[in-house]
Amino acid sequence: VGFKVGGQTNIQYLVLQVHYKGQLGPDYSGLSIESTVEPLTKRASTLLMVTGGKLPPNKRETFETACIVDEDIEIHPFAFRTHTHRHGEMVSGWVVRENEFGQNVWELIGERSPLLPQMFQSVNKNITIRQGDVVAARCVLNNKEDKEFTMGNTSDDEMCNYYLMYWVLGDPKLNGISSSTRKASDGVFDTRIVSFRDNTCYSPGPPEYHWTSEAELNNIPKV
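40 is the number of the first residue of the sequence shown in our numbering; add one for each residue after it.
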């Protein structure tokens, strides 16, 4: 499995970014990369599942996002990473399918406390995501402070991020997945297209977005 970079791909730069919270001693941060010009049988990429939203004071809240796979393609997740700031309790990812009775069946891809050391964790089972499946992520945040927090990029904000690393067979042209919004009257999701090239699945988060209303998902796993 490898990430395709350079050439005619949309990845033209490799950037190392290191975040520091406080002053350290000698710094030996770095990254070793193995590269090849030979074609690989499996192409890797990373999907970022992320929300906006607000975390009210003295409240436990869930931040949720969901996307439908639009393409006739098989996606194989093999690693995941979770990220919030200090109010995070648990971040989880699922693949969701609908059975013949209209009930959603949730298969857990992986979950982890974001307050543990943050790194990619292996997906410990074989999961295949196909056209029509929904990938969903949820962050549980608990605010015991007397002020509101919004989703943002600074340490004074909060975040809800679930990174899903996956591979596909061969080198297909990946066009899109869809962010799920409300279902139309015919039961089909009314969707916004999110490009695989962008590899981002976004929802506005609470109070504007919840699985039960905007995405109309059911059988939702308990917090």
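We put the CB at the ideal spot given by N, CA and C, even for glycine.
As the structure is a prediction and not an experimental result, all values here were calculated from the model.
Using three-state DSSP, classify residue i as helix, strand or coil.
i	result
Thr251	helix
Asn200	strand
Lys222	Residue placement at Lys222 is flagged as unreliable, the pLDDT there being 47, under the threshold of 50; the coordinate-derived value follows with that caveat. Here Lys222 sits in strand by DSSP.
Leu208	strand
Ser84	strand
Val44	coil
Tyr59	coil
Across which residues does DSSP place residue i in a beta bridge pair?
i	result
Glu150	Ser131
Lys93	Thr189
Gln160	Phe119
Tyr241	Val89
Arg99	Asn181
Thr104	Ala176
Ile114	Ile168
Asn143	Glu137
Measure the beta-carbon distance from residue i to residue j and round it to whole angstroms, keeping in mind my assumption that it falls under 8 Å.
i	j	result
Gly132	Leu203	6 Å
Val130	Pro153	5 Å
Val40	Trp206	5 Å
Next on the checklist: Between the region 177-193 and the region 118-129, can you find at least three pairs of beta-carbon atoms closer than 8 Å?
Outcome noted: yes
Item to check | Any 3 or more C-beta pairs closer than 8 Å across the region 241-251 and the region 75-93 | outcome: yes
Item to check | the region 158-178 in contact with the region 67-76 per 3-pair CB rule at 8 Å | outcome: no
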